[in-house]
Amino acid sequence: MCVAEMREALWTLRQAHRLCLPRAYSRPVIDLGTLAGLHAHDHQLEAYCPHCDRWEVLPLAELIAAGHGSRRLPIRVRCQHCGEVGRLQVRPPVPTRGPGGWMEPPTSGVS
Ligand SMILES: [Zn+2]
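As numbered in our numbering, residues 143 to 253 make up the sequence shown, in order.
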């Protein structure tokens, strides 16, 4: 293989990479690490106070509207009742009952 052929082969390889690599990595990444990402993908963020044994759903839409959408987890939350540091739990969307949702136990043919 002469130098010209090698250059052409290398150029072809580069072109192939230019065509293939962006396609392979073009899938959008779902970022669930931010408040905005959680809200955009129908997740909920709940906070638990171990002192009060109380759960609270954090108002993601309000937090995003107030400019906190880019904040990354974990964020520090405090109980509105006792001031204790809360524990966070991310909750994915729950499928609704019925077709495409949770499986229902068979209701017919059981005696
Ligand atoms: Zn509390």
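For each residue, glycine too, the CB sits at the ideal point set by N, CA and C.
None of the values given here were measured: they were computed from a predicted structure.
Closer than 8 Å: residue i CB and nearest ligand 1 heavy atom
i           : result
residue 218 : no
residue 196 : yes
residue 226 : yes
residue 185 : no
residue 181 : no
Span of the alpha helix (DSSP H), counted from its first residue to its last, around residue i
i           : result
residue 177 : 177 to 182
Endpoints, the beta strand (DSSP E) within which residue i is located
i           : result
residue 204 : Segment 202 to 205 is the alpha helix (DSSP H) holding residue 204; no beta strand (DSSP E) there.
residue 196 : 196 to 199
Nearest residue (CA-CA) to residue i, options the options
i           : options               : result
residue 229 : 189, 215 and 195      : 189
residue 234 : 204, 185 and 173      : 185
residue 223 : 201, 206, 216 and 197 : 197
residue 193 : 227, 207, 217 and 206 : 227
residue 176 : 217, 221, 225 and 237 : 217
residue 221 : 195, 171, 173 and 237 : 195
For residue i: DSSP bridge partner residues
i           : result
residue 186 : 233
residue 214 : 176
residue 220 : 227
Residue i at chain D interface by Cβ criterion, 9 Å
i           : result
residue 230 : Given the protein chain composition of this structure (a single chain), no chain D is represented.
inquiry  = Three or more C-beta pairs under 8 Å: does that hold for the stretch 206 to 221 against the stretch 174 to 185?
reply    = The stretch 206 to 221 and the stretch 174 to 185 touch, with no fewer than 3 CB-CB distances between them shorter than 8 Å.
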